[in-house]
Structures are given as C-alpha cells and as structure tokens.
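Encoded as structure tokens, the structure appears first; notes follow it.
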Amino acid sequence: MALVALASAKGSPGVTTAGLVFGALWPRQVLLAECDPAGSDVAIRMTGPGGAALNSDRGLVSLAAASRKGLGDEVILAHSQQLDGGLDVLLGVRSPEQVGGMGGLWHPLGITFNQMQHGDVLADCGRIGASSPQLPVIQSARLVVMVCTATGSSVAHLRERLSSLVHHVDAQLGVVVVADPKQRDAVKQVWSVLDAMSVPVRHRWHLAYDPAGAAFFDGRGYGRLDKTPLIRTATEITAELASLVAAPAPQDYDMANAAFPPGEHR
510 MALVALASAK GSPGVTTAGL VFGALWPRQV LLAECDPAGS DVAIRMTGPG GAALNSDRGL
570 VSLAAASRKG LGDEVILAHS QQLDGGLDVL LGVRSPEQVG GMGGLWHPLG ITFNQMQHGD
630 VLADCGRIGA SSPQLPVIQS ARLVVMVCTA TGSSVAHLRE RLSSLVHHVD AQLGVVVVAD
690 PKQRDAVKQV WSVLDAMSVP VRHRWHLAYD PAGAAFFDGR GYGRLDKTPL IRTATEITAE
750 LASLVAAPAP QDYDMANAAF PPGEHR
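Numbering (the working numbering), first residue to last: 510 to 775.
Given below as structure tokens:
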C-alpha cells in the first residue's frame with residue numbers, strides 16, 4: 510500500500526477537511542494519520558461510532574511510547590480509532606508541546622506508513638517547512654499534495670514551499686486549490702504560476718470551497734452531503750489520488766521477474 514501526504518505552505522487552507530473528505534471517499538482501506546505538530550483537529554471536530562467522544566490520549570503520542578519496541582501495522586492500528594462512519598484515524602498531538610517528547614518517531618513512522626499491508630495512509634501534515642519535525646513523513650510519501658487557496662498570498666507561499674520541497678522529496682507532487690466553484694479564472698492563474706516554475710507539479714485539482722459541505726466534517730452538517738459541491742469535486746479527486754498510488758512504486762517491482770519475464774526463460 511502507499512502513503513499520501515497532505516500539507517500546506519501557510520495558514521489553514523483546509524488540509525484537515527480535505528483529508529477527512531478524501532478518507533471518507535477512499536475506494537480501499539485507508540488510515541487518516543494526523544501528523545500536524547500544531548495539534549489535533551479531528552478529536553475536536555469528529556466523534557466515534559454512535560457519537561461517542563474520541564479518546565484524545567490514544568494516538569500519535571501513545572504510539573510514540575509503544576514504538577520503542579518496534580513499529581508495524583498492528584502497533585499503529587492499536588493506537589488508532591474509528592470515526593462515526595467507519596474511517597480509521599490516528600489522532601495527532603493535543604498540543605505542540607507534546608511533539609518534543611516524540612523523539613525519533615517521525616522517520617520510522619513515515620517508512621512504516623508507506624509499507625503498511627492494512628491499507629493506504631493519508632497523512633495530514635499541516636503546515637510544512639524545511640525544518641518541520643514531520644518532514645521525514647513527507648519524504649517517505651509516494652505522493653505529496655500541497656493544499657492552498659486561490660489568493661495571492663497563499664499562492665506565493667505555495668511557490669516558495671514547492672521550490673524548497675523539491676530538494677527534499679522524491680515523491681510525485683500535486684496541488685489542490687480550494688476555491689469557490691465559480692472562481693475558475695483564479696484557479697487557472699494558480700496553474701499558470703505552476704507552469705512558470707521549474708518544479709514538476711504533474712497533478713492539479715480544484716476542490717470546491719463549500720462551507721455547507723465542510724460543516725459535515727465539523728459536526729454541523731445537515732441535508733444531503735452527497736449533493737454538496739465539496740463531495741462532487743472531492744469524489745473525482747479521490748479517485749485520481751487512489752489510482753496514482755495503486756500501482757507498485759518502481760522499487761516494489763520484482764527485479765528478477767522484470768529481467769526474466771514469465772515465458773521467456775530458456
């Protein structure tokens with residue numbers, strides 16, 4: 510399976526909401542992992558099965574203590590929880606101060622996420638920079654997706670972060686612009702900025718800015734979620750994301766089989 514990292518260059522463009530939506534629509538088994546050192550949003554916004562409160566003490570911090578004996582699918586899942594609706598989540602830290610006690614968890618965590626047999630992993634990495642502690646998780650990802658808005662400030666920070674990020678990761682890069690469905694010209698301007706860069710951003714998506722749809726992922730929604738612009742745009746994006754990481758990475762191929770394909774042995 511594969512790790513997809515979601516992150517932003519500045520502010521709060523909707524990374525957590527995007528992660529929740531993509532996770533809810535993911536066509537295979539998936540784990541949403543909160544790797545944002547700024548603190549967990551999911552524990553505040555979402556509930557467990559039947560509306561029960563999530564256990565904020567069970568997640569990344571408890572996993573850090575347990576990981577001293579090794580990491581693996583079973584260890585990670587033992588510290589994960591299920592949201593009402595069925596999405597598995599690994600809750601993040603309650604506050605930034607807890608990050609300092611996590612030691613060297615980030616690097617092995619990223620590797621384990623990308624090799625989990627249980628399913629894919631969507632990592633909400635929050636705001637990132639060259640010195641961000643969660644950077645090793647991003648470096649282990651098969652696909653890194655930057656989330657931004659169509660405002661000039663957000664795009665400027667996106668450009669700077671991509672220029673730096675390309676020197677730290679080997680993953681495929683993608684950009685999700687969160688904008689009103691009617692702001693197509695503004696979204697096209699973001700694509701123009703990316704085209705002018707030397708950074709190879711091959712994958713680009715427009716996710717609808719839709720407060721009514723996002724409210725469902727903040728415990729305040731009502732009506733038909735499937736009819737919202739958020740879900741209509743996210744459905745297509747999610748399918749493409751899942752397809753991009755469905756195929757084995759180059760290093761996952763059986764090299765002996767590639768050199769001597771079946772039927773060609775003599």
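The beta-carbon is built from N, C-alpha and C at its ideal position, and this holds for glycine as well.
Query	Result
Own chain, CB closer than 7 Å to residue 680, minus 5 neighbours either side, in chain order	650, 651, 652, 653
Pick from 746, 702, 736, 697 that is closest to residue 716, judged by C-alpha positions	746
Whether residue 629 touches residue 711 by CB criterion (9 Å)	no
Whole-angstrom C-beta distance between residue 590 and residue 580, which should lie under 8 Å	With a Cβ gap of about 18 Å, residue 580 and residue 590 do not count as contacting.
Residue 655 in three-state terms, based on DSSP	strand
Closest Cα partner of residue 738 within the set 635, 728, 687, 613	687
Residue range of the alpha helix (DSSP H) that includes residue 615	615-623
Residue environment, residue 761, which counts as buried when at least 16 other CB atoms sit within 10 Å	Model confidence at residue 761 stands at a pLDDT of 47, short of 50, so the residue's coordinates are unreliable and nothing is read from them.
Per-residue DSSP class, three states only, for residue 603	coil
Environment of residue 553 [buried if 16+ CB atoms lie within 10 Å]	exposed
Opening and closing residue of the alpha helix (DSSP H) in which residue 549 lies	Looking at the DSSP string, residue 549 is not in any alpha helix (DSSP H), and its letter there is neither H nor E.
Residue closest to residue 718, alpha-carbon to alpha-carbon, out of 729, 742, 593, 697	742
Distance CB(residue 520)-CB(residue 641) smaller than 9 Å	no
Where residue 682 falls: helix, strand or coil (DSSP)	strand
Buried versus exposed call for residue 625 [16 or more other C-beta atoms within 10 Å across all chains shown]	buried
Bridge partners - residue 700, DSSP secondary structure assignment	Bridge partners of residue 700: none, in fact.
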